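Protein sequence lines correspond, in order, to chains A and B. If you use numbering that gives the first Met the number 0, the first sequence closes out at 217, no skipped numbers anywhere. If you use numbering that gives the first Met the number 0, the second sequence closes out at 217, no skipped numbers anywhere. Beta carbons are placed, not taken as given, at the ideal position from N, Cα and C, and that holds for glycine. Note that the coordinates shown come from a computational prediction; the quantities given were computed from them, not determined experimentally. A short write-up of the structure that comes next.
Protein chains: 2
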Amino acid sequence: MFTLAEENYLKAIFHLEHEFQGEVSTNAIAESMETKPSSVTDMIQKLAEKKLLTYKRYKGVQLTAEGKKVAANVIRKHRLWEVFLVEKLKFHWDQVHEIAEQLEHIQSEELITRLDKFLGSPDFDPHGDPIPDKHGVLKRTEKKLLSEIDKNQKGVCVGVKESSPEFLQYLDKKKISIGTKIRVLGKEFFDGSMIIQVFDDQFFISKTVAENIYVQTI
Amino acid sequence: MFTLAEENYLKAIFHLEHEFQGEVSTNAIAESMETKPSSVTDMIQKLAEKKLLTYKRYKGVQLTAEGKKVAANVIRKHRLWEVFLVEKLKFHWDQVHEIAEQLEHIQSEELITRLDKFLGSPDFDPHGDPIPDKHGVLKRTEKKLLSEIDKNQKGVCVGVKESSPEFLQYLDKKKISIGTKIRVLGKEFFDGSMIIQVFDDQFFISKTVAENIYVQTI
DNA sequence: CTATATTTTTAGACTAGGCTAAAAATAATA
DNA sequence: TATTATTTTTAGCCTAGTCTAAAAATATAG
Ligand SMILES: [Mn+2]
Ligand SMILES: [Mn+2]
Ligand SMILES: [Mn+2]
Ligand SMILES: [Mn+2]
Chain A
0 MFTLAEENYL
10 KAIFHLEHEF
20 QGEVSTNAIA
30 ESMETKPSSV
40 TDMIQKLAEK
50 KLLTYKRYKG
60 VQLTAEGKKV
70 AANVIRKHRL
80 WEVFLVEKLK
90 FHWDQVHEIA
100 EQLEHIQSEE
110 LITRLDKFLG
120 SPDFDPHGDP
130 IPDKHGVLKR
140 TEKKLLSEID
150 KNQKGVCVGV
160 KESSPEFLQY
170 LDKKKISIGT
180 KIRVLGKEFF
190 DGSMIIQVFD
200 DQFFISKTVA
210 ENIYVQTI
Chain B
0 MFTLAEENYL
10 KAIFHLEHEF
20 QGEVSTNAIA
30 ESMETKPSSV
40 TDMIQKLAEK
50 KLLTYKRYKG
60 VQLTAEGKKV
70 AANVIRKHRL
80 WEVFLVEKLK
90 FHWDQVHEIA
100 EQLEHIQSEE
110 LITRLDKFLG
120 SPDFDPHGDP
130 IPDKHGVLKR
140 TEKKLLSEID
150 KNQKGVCVGV
160 KESSPEFLQY
170 LDKKKISIGT
180 KIRVLGKEFF
190 DGSMIIQVFD
200 DQFFISKTVA
210 ENIYVQTI
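Put into structure tokens, the structure is as follows:
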């Protein structure tokens, strides 16, 4: 149906539309895909031809309903495969993204239907990101960044914003994973750093770390 | 490491080297890959550059040790994925080939190691074809075509030569699958057709069918 | 409201992997 | 052996997707 490159562009634009509201710029796409703006212009013109997004020269792009559906389906496949890799093949959560990046492009409706069933129709991937349903609908959950939590409040980790191997390995070292309870013991206002408690350990984390952990307050 | 196209060529040549002994011709490759001879010439020149096969103009090609290893690994991945699709996702054996054709190109050593373990290190795929080990070694089993079996002998189905959906669905209708016992009740010499018994049913099969079922005599 | 900086697009080139049509080599036949 | 048929290669063209360099549009600043 769509090429690997087309699917990757649609997915990137979908994510950018959520990150910043509204139109997405050529440069933003180029940066997020580690490609050149001129390549992006070429591709978005092709995608506009195919009615997957709307495009006016020098103004950004916006996915059409069809474009959103295609993008959400790629994301659905990516996240389902990540669940498979972690739950069934016992990969660690910092190892699965690159492989899912390939698996997300396998073309077969039936395969995804069966994979989803095999996995017990999971709602979230191993990093806490929601898995779109087969119609491309993403359920939004109320979650906050750990950095937004006040002193003496408690939250349970429900996801991560960053999911690079480096960051995930850092979290492992600190025994933080999805479901882990975190209590904020102290907060420095001038740099946003925190002292937190995880199980019986108390330690310091930087603002950068706190801004990449999603929690639900409890 | 290698592109999708390169992997497909190596796989096709590997299969052709086994089917006919010795060098493989440009036309044979073109036919088996449903492409044009001129395209094949281009690609085999590239593969020769990369030392994956030896090539002398107008004489055919022959895979090098390296080329064989790459090809066998693609076949290993193809067949392991087919086992996954049938054993875990409950696909039918006539539905898996096309999907495995895509999955075989996913690049990750670790993935295949884990998939193999997850599946219990199977020796054969759902069509009875042997799965090469991680070094690319294929164990040969002694098997005959049903067409080579004499009247009144019995064999157990251990594989199929053809594995098109059409043929596999025909076998289903006749209740023949891997492990099924087949007794040859009669054989016509002028056209090679047979009367066989499968469970309690006795019926006619053409030479074409008999030439595409592998059995071990019992 | 100009002048400069930034963003975006265009123009032209490249690689991978195809194709067709024609030429060259090899094989088959008279 | 000479001629014809088949196989294989070459030459040239195409599309997808990328790039660099230059031009054009938009945004920012004095
Ligand atoms: Mn991922
Ligand atoms: Mn991708
Ligand atoms: Mn197959
Ligand atoms: Mn393939």
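Check	Outcome
Using a Cβ-Cβ distance cut-off of 9 Å, determine whether Glu101 of chain B contacts chain A.	According to the sequence as given, residue 101 of chain B is Gln; it is not Glu. Closer than 9 Å: yes.
Would Asn72 of chain B be called buried (16 or more neighbouring beta carbons within 10 Å of its own) or exposed?	buried
The beta strand (DSSP E) with Arg182 of chain A in it runs from where to where?	180-186
Taking 9 Å as the CB-CB cut-off, is Phe90 of chain A touching chain B?	yes
List, in chain order, every chain B residue whose beta-carbon is nearer than 9 Å to that of Arg75 of chain A.	Those within 9 Å of Arg75 of chain A in chain B number zero; the least Cβ separation is about 16 Å.
At a threshold of 8 Å, does Glu100 of chain A count as lining ligand 1 (C-beta to nearest heavy atom)?	yes
Please list the partners that Ser107 of chain A has in chain B, where partner means a Cβ-to-Cβ separation under 8 Å.	Glu97, Ile98, Gln101
Just reading off the beta strand (DSSP E) that Asp200 of chain B is part of, what are its end residues?	200-204
Cβ-heavy atom distance between Glu109 of chain A and ligand 3 below 8 Å?	no
Please state whether DSSP places Pro129 of chain A in a helix, a strand or coil.	strand
Measuring straight from C-alpha to C-alpha, what distance separates Asp124 of chain A and Val85 of chain A?	9 Å
Based on the DSSP output, what are the partners of Val214 of chain A in its beta bridges?	A:Lys143, A:Cys156
Quick check on this structure: which residue in A:Ile148, A:Phe202, A:Asp190 has the alpha carbon closest to the alpha carbon of Ile212 of chain A?	A:Ile148
Report the CB separation of Glu111 of chain A from Leu79 of chain A in whole angstroms; it is logged as a contact under 8 Å.	Going by the sequence as given, residue 111 of chain A is Ile instead of Glu. Rounded, the Cβ-Cβ distance is 7 Å, consistent with contact.
So what's Thr53 of chain A in DSSP terms, helix, strand or just coil?	strand
Tell me which residues share the same chain as Ala11 of chain A and place their Cβ nearer than 8 Å to its Cβ, disregarding the 5 neighbours each side in the sequence.	Ile28, Ser31, Met32
Specify the secondary structure class of Phe19 of chain A as computed by DSSP and reduced to three states.	coil
Please determine, among B:Lys87, B:Thr216, B:Val39, the residue with the shortest C-alpha to C-alpha distance to Lys230 of chain B.	In the structure as shown, chain B starts at 0 and stops at 217, and residue 230 of chain B therefore has no counterpart that could be examined.
With which residues is Gln222 of chain B paired in a DSSP beta bridge?	Only positions 0 to 217 of chain B appear in this structure, which leaves residue 222 of chain B out of reach.
Got a sec: does ligand 3 put a non-hydrogen atom nearer than 8 Å to the Cβ of His134 of chain B?	no
Using a threshold of 9 Å, state whether the C-beta atoms of Ile177 of chain A and Leu145 of chain A are closer than that.	no
Kindly list the residues whose CB is nearer than 7 Å to the CB of Gly191 of chain A, restricted to its own chain and excluding five residues on each side of it in sequence; keep chain order.	Ser146, Lys206, Ala209
Name the two residues that bound the continuous alpha helix (DSSP H) containing Val95 of chain A.	No alpha helix (DSSP H) contains Val95 of chain A, which DSSP labels as neither H nor E.
Spell out the partners DSSP gives Val197 of chain B in its beta bridges.	B:Ile181, B:Asp200
Which residues in the same chain have their Cβ closer than 7 Å to the Cβ of Asn26 of chain B, if we skip the five residues on either side of it in sequence?	Pro36
So with CB distances below 9 Å, who are the chain B contacts of Phe117 of chain A?	Lys87, Leu88, Lys89
Output needed for Tyr8 of chain B: all residues of its chain with C-beta closer than 6 Å, excluding positions within five of it in sequence on either side, in chain order.	Met42
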